[in-house]
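Residue numbers (the numbering used here): 1248 to 1604. Below is one structure, written out as structure tokens; the observations come after it.
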């Protein structure tokens, strides 16, 4: 259902690190090739919290005041000249990457690695909610080619999960998880819970989840073979016990902190595979490289991938990911700060907190 487009809108804007205000600003006008979207839901993720707290000064965001938010589910309300991919009334999710489409990486299909990323050149790569204003606002303009239609049976709140699911699915694919593989997931946040469910869907008979707190209970509910509380026992020893001293075939690291990355590399079997999905705020991670070399480990950096969006939408819509269990809280835009605090402090078992502008 379309609506009358106002001249002004509300946006949660970062004026300084830790200082979010609800401002009234102009509704953006879509340029040729762009669509104007009415944001219905936008998730708060770990990177949003890092940006909010100043982990990437001068980079994310590149200016103040700035509107964060990249896990966008929306309705198209207007399109500019040259747009035929979507039309007003379409329900969509938005890829946060806006690539140049002309560099070598874009031409080979890996546009998340666009060579103009971070340069802020006209016509170059932008990352929604990181270096260009994002979805914690009532309206957002997006290049039409980054929009993916979602089915009517998928609510906007549930569709927020698709963004994370694309990265988790890319981790499954890059790490070449095969039926019969034993998998360890480090970190039972949203990324880890998605990776857990997708590993099971891929035919892994045993998925162990390492972490702490109430999220381990959720991991168990979602099918984890075993959960290991890193605050109560040595995770490396416990993983060895559960894998007959061999270690898992694959480890997917989803915690985004140096210790988790060290554990991921330390526990995998000889000849095993490690997928790192966590962003840790540019902290250095000391690794025992002899193990990587002598055990011939394959280590993959993983982010979202353009070839996983349609598959992720289909998996979420088919119920292969329990979105209702993972979207735990919703807040209106006016209560954004409360939503961010709920997410960061994991209040009331928060996993994914969604803002409804």
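Each residue gets a CB set at the ideal place from its N, CA and C atoms; glycine is no exception.
CA-CA distance, residue 1452 to residue 1512, rounds to 21 Å.
Bridge partners of residue 1390 according to DSSP: 1281.
For residue 1604, the closest C-alpha among the options 1270, 1480 and 1265 is that of 1270. DSSP assignment within the stretch 1273-1323 yields the following whole beta strand (DSSP E) runs of 3 residues or more, N-terminal first: 1281-1291. According to the DSSP assignment, residue 1511 belongs to the alpha helix (DSSP H) that extends over 1505-1514.
The C-alpha of residue 1391 is placed about 8 Å away from the C-alpha of residue 1331. The stretch 1517-1535 and the stretch 1499-1507 touch, with three or more beta-carbon pairs separated by less than 8 Å. Judged by pairs of C-beta atoms under 8 Å, the stretch 1587-1603 does not touch the stretch 1548-1564, as fewer than three such pairs exist. Under the three-pair Cβ rule at 8 Å, the stretch 1305-1315 does not count as touching the stretch 1347-1359. When the Cα atoms are used, residue 1264 and residue 1302 turn out to be separated by approximately 9 Å.
Taking 8 Å as the cut-off, the Cβ atoms of residue 1339 and residue 1284 count as close. Non-local C-beta neighbours of residue 1448 in its own chain, meaning closer than 6 Å and more than five positions away in sequence, comprise 1567, ordered along the chain.
With a cutoff of 8 Å on beta-carbon distance, residue 1333 and residue 1276 are scored as not near each other. Secondary structure of residue 1256 (DSSP, three-state): strand. Straight-line spacing of the CA atoms in residue 1490 and residue 1393 works out to 42 Å. Collapsing the DSSP output to three states places residue 1482 in a helix. The DSSP assignment places complete beta strand (DSSP E) segments of no fewer than 3 residues inside the stretch 1410-1456 at 1429-1433, in order along the chain. Collapsing the DSSP output to three states places residue 1561 in a helix.
When the alpha-carbon of residue 1598 is set against those of 1583, 1574 and 1355, the nearest one is in 1574. Residue pairing by DSSP puts residue 1474 in a beta bridge opposite 1456.
Taking a cut-off of 8 Å on C-beta distances, the stretch 1363-1379 does not touch the stretch 1400-1417, as fewer than three cross pairs fall below it.
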